[in-house]
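Colleague: In terms of full-length UniProt numbering, the numbers along the sequence shown are unbroken and rise by one, the last being 152.
The C-beta atom is built at its ideal place from N, Cα and C for all residues, glycine as well.
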Amino acid sequence: IVDLMRNDLARICDPATVTVESLLHLESTPTVHQLVSTVAGRLHRGTTLDEVLRATLPAGSMSGAPKLAAIEILGRLEVEPRGAYAGCAGWVAASGTATLGMTIRSLLIERDRVTVGAGGGITWGSIGADEVAEVALKARAPLAAIGATLPP
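1) Look at R75 and A89 and say whether their C-beta atoms are less than 8 Å apart.
2) Closest to A94 by C-alpha separation, out of H44, N7, L23, L49, would be which residue?
3) Which two residues bound the contiguous alpha helix (DSSP H) that contains S61?
4) Report, in whole angstroms, the separation of the C-beta atoms of R11 and A55, which I expect to be a contact under 8 Å.
5) Tell me the start and end of each unbroken beta strand (DSSP E) in the UniProt domain "Chorismate-utilising enzyme C-terminal" (1-138) that is at least 3 residues and wholly inside, in chain order.
6) For L4, which option in G41, S61, G125 has the closest C-alpha, if you only look at C-alpha atoms?
7) Is the separation between the beta-carbon of A142 and that of R113 shorter than 8 Å?
8) Taking 8 Å as the cut-off, does the stretch 15-32 touch the stretch 125-132 (at least 3 CB pairs, one atom from each stretch)?
9) If distances are taken between C-alpha atoms only, which option among V116, R140, G64 comes closest to P152?
10) In whole angstroms, what is the alpha-carbon distance linking L150 and Q34?
11) Find out if the Cβ-Cβ distance for the pair L108, T115 is shorter than 8 Å.
12) Please state whether DSSP places L150 in a helix, a strand or coil.
Spelled out as structure tokens, the structure:
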């Protein structure tokens, strides 16, 4: 997935500046352990936020790899749109500076409906049962926040 993100950024950045600043750093919270990598690069002059979002979303960590094939398969298998889940949320300043984070393990509240988003990227090496177990684990904390649990 890190290589996929490097390739995505190389489309909008000077390729010589695209670097992996952190690789598989473990971030732990009371409810989940997450491996985090940071990939960065210097944008081509004049690159817009829209161009950045189009080049990088959906993130490979939310779609799987190879990215285009994974997106095509997800389009056939997922029964409804993801909505805010697997996108990003944050703020954009008038200057164009943005701080955005992936909407993973998320709750979306719309009137009288709550949607819990949790998942993982599917790769050639994925094992279906392991992926289902990972999603259940990731969904546990957001569900607990609203007093719910997964059915057995």
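Modeller: Inspection of the coordinates gives the following:
1) For this step, residue 75 is matched to residue 75 along the sequence shown. For this step, residue 89 is matched to residue 89 along the sequence shown. The sequence given here places Gly at residue 75; Arg does not occur at that position. Their beta carbons are not under 8 Å apart, which means G75 does not touch A89 by this criterion.
2) Along the sequence shown, read from residue 1 onward, the residue named residue 94 stands at position 94. Out of H44, N7, L23, L49, L49 has the C-alpha closest to the C-alpha of A94.
3) Your numbering for residue 61 matches position 61 in the sequence shown. Its alpha helix (DSSP H) spans residues 60-63.
4) Sequence index remark: in the sequence shown, residue 11 carries index 11 (1-based). Sequence index remark: in the sequence shown, residue 55 carries index 55 (1-based). Contact flag correct, Cβ pair sits at about 5 Å.
5) 19-28, 33-40, 88-92, 98-102, 106-110, 113-117
6) Walking along the sequence shown from the start, residue 4 turns up at place 4. Nearest of G41, S61, G125 to L4, Cα basis: S61.
7) Here residue 142 refers to the residue found at position 142 of the sequence shown. Here residue 113 refers to the residue found at position 113 of the sequence shown. One detail in the question is off: residue 142 reads as Pro in this sequence, not Ala. No, Cβ-Cβ distance for P142 and R113 is not below 8 Å.
8) no
9) If you number the sequence shown from 1, residue 152 lands on position 152. Out of V116, R140, G64, R140 has the C-alpha closest to the C-alpha of P152.
10) In the sequence shown, counting from the first residue as 1, residue 150 sits at position 150. In the sequence shown, counting from the first residue as 1, residue 34 sits at position 34. Whole-angstrom Cα-Cα distance: 21 Å.
11) Numbered from 1 along the sequence shown, position 108 holds the residue referred to as residue 108. Numbered from 1 along the sequence shown, position 115 holds the residue referred to as residue 115. Yes, they are a contact pair.
12) Along the sequence shown, one-based indexing puts residue 150 at 150. L150 falls in the coil class under three-state DSSP.
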